[in-house]
Amino acid sequence: MKKGILEMCILAIISKEEVYASDIIDRLKSGNLIVVEGTLYPMLSRLKKAGHLDHYWQESQAGPPRKYYRLTPEGEEFLQNLSTSWEEMVKSVSSLTSKNKSNNE
Amino acid sequence: MNKVVNVNLGGVPFIIDENAFEHLSKYMELLKIHFKHMEGSEEILSDIESRLGELFTEYLGSRQIVEITDVKKAIGVMGTPEDLGAEEEWEEITDNSKERQQSGDYNHQKRKYQTGKRLFRDKENSIISGTCSGLAAYFGVADPVWVRIGFVLAGLASAGSAILAYLIIWAITPAAKSAKDRLMMRGEKIDVDAISRKVKEEFDNVEKQFNEFSDSFKKKR
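First to last, the protein sequences are chains P and C.
Start counting at 1 in the first sequence, then tack on 195, and there's your number in the working numbering.
Start counting at 1 in the second sequence, then tack on 6, and there's your number in the working numbering.
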């Protein structure tokens, strides 16, 4: 479950702009979504294998070329689906929990 | 006064303290074991390596040499295999079946450490190919010479067909290349301590060989 949410977040980050791994890490960290960076790389590799992501190399001023990630059309669609089911889930969970509250009162 | 080592992390050269290097190579070895059963493990490892390089560059500032504190700090950020394992195991428990289908072939792969014995060829104690010493290690025979004698006797008794058996075993057994292989060859448990012990042994070995070499060189002159 957490993995699914994380994957959605990664795809969402990449859909906004083409980024490289450290950018993704920074965003996820600022949202308190990952604890250790090592968890990100297997996920990126898995998303890439599933055809949702694509990468290319870009020269950087400091150091070696960096690996930038971008979404494939399938990835866009996958993200759309994920977002829809996420919103549905949030809606039903919040309606459930608010109902509980009113019952308790 | 400490020795330093030159390493290449994702295409960037680093000068690293010897202790720090040992610590780092142990860490990479453990990661390799951790990701072994995942597809694309090589890519994951090279990504991690590049990222470690970036972290070092960040920590170094105007300093020149990567020290053990830098390595420890970077490992803290990247996470030890235990950290990664804990998160993944937790995820596996909470995963529902739908997610399993989405992430496809990934889930049925076990990511437990292997502790089982495997047959390797022990090239470090070899006469011909390390087949006999590998067999000795596998069956816990203290001295591989007994296995060798066994093969020679069997070769004589069976008019040569044991030699064929020897060649087949040679062909189908891999040579023990890494510290991990050597542990598996003896059926020792693979954990941080065992590997660091093994890596240290290998270091000592290299040092010994180097000393012998330099001695013989001096004698020649």
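Ideal Cβ positions, reconstructed from N, Cα and C, are used throughout, including at glycine.
Source: prediction; values computed, not measured.
Residues of the stretch 33-51 of chain C with Cβ closer than 9 Å to any Cβ of chain P, in chain order
Leu37, His40, Phe41, Met44, Glu45, Gly46, Ser47, Glu49, Ile50 and Leu51
C/Phe145 in three-state terms, based on DSSP
DSSP places C/Phe145 in helix when its eight states are reduced to three.
Can you pull the chain C neighbours of P/Pro268, defined as C-beta to C-beta under 8 Å?
By Cβ distance, chain C contributes nothing, its closest Cβ being about 18 Å from P/Pro268, past 8 Å.
Using 8 Å for Cβ pairs, my map puts P/Ser240 next to C/Ile50. What's the rounded Cβ distance?
5 Å
According to DSSP, residues forming a beta bridge with C/Asn14
C/Pro19
Identify the contact partners of P/Val231 in chain C, using a Cβ-Cβ distance below 9 Å as the criterion.
Gly82, Val83, Met84, Gly85, Thr86, Asp89, Leu90 and Glu93
Could you give the distance in angstroms between the alpha-carbon of C/Ala165 and the alpha-carbon of C/Gly156?
14 Å
Euclidean distance between Cα positions of C/Asp149 and C/Val212:
22 Å
State buried or exposed for P/Leu291, treating a residue as buried only when at least 16 other CB atoms are found within 10 Å of its CB.
exposed
Pair every Cβ in the stretch 10-26 of chain C with every Cβ in the stretch 62-72 of chain C, then say whether three or more of these pairs are closer than 8 Å.
yes
According to DSSP, is C/Gln215 part of a helix, a strand, or is it coil?
helix
Quick check on the DSSP output: the beta strand (DSSP E) that includes P/Asp249 runs from which residue to which?
Leu248 to Gln253
Among the candidates P/Asp249, P/Leu228 and P/Arg261, whose CA atom is the shortest distance from the CA of C/Val18?
P/Arg261
Exposure of C/Arg106, with buried meaning 16 or more beta-carbon neighbours within 10 Å:
Reliability of the predicted coordinates at C/Arg106 is poor, the pLDDT of 42 falling under 50, and the value obtained from them is presented with this limitation in mind. Classification for C/Arg106: exposed.
Measuring only the C-alpha atoms, how far is P/Val285 from C/Glu55?
38 Å
What residues are listed by DSSP as bridge partners for P/Val288?
P/Val288 is not bridged by DSSP to any residue.
List, in chain order, every chain C residue whose beta-carbon is nearer than 7 Å to that of P/Ala216.
Taking a Cβ-Cβ threshold of 7 Å, the residues of chain C close to P/Ala216 are Asp53 and Arg57, in chain order.
Would you say P/Thr234 faces chain C, with C-beta separation under 9 Å as the test?
yes
Cβ closer than 7 Å: which chain C residues qualify as neighbours of P/Ser240?
Gly46, Glu49 and Ile50
I need the straight-line Cα distance from C/Ala163 to C/Thr137, nearest angstrom please.
20 Å
Does any C-beta atom of chain P lie closer than 9 Å to the C-beta of C/Val18?
Chain P, which has a Cβ nearer than 9 Å to the Cβ of C/Val18, makes this yes.
Who are the Cβ neighbours of P/Ala207 in its own chain at under 7 Å, not counting the five residues just before and after it?
Leu274
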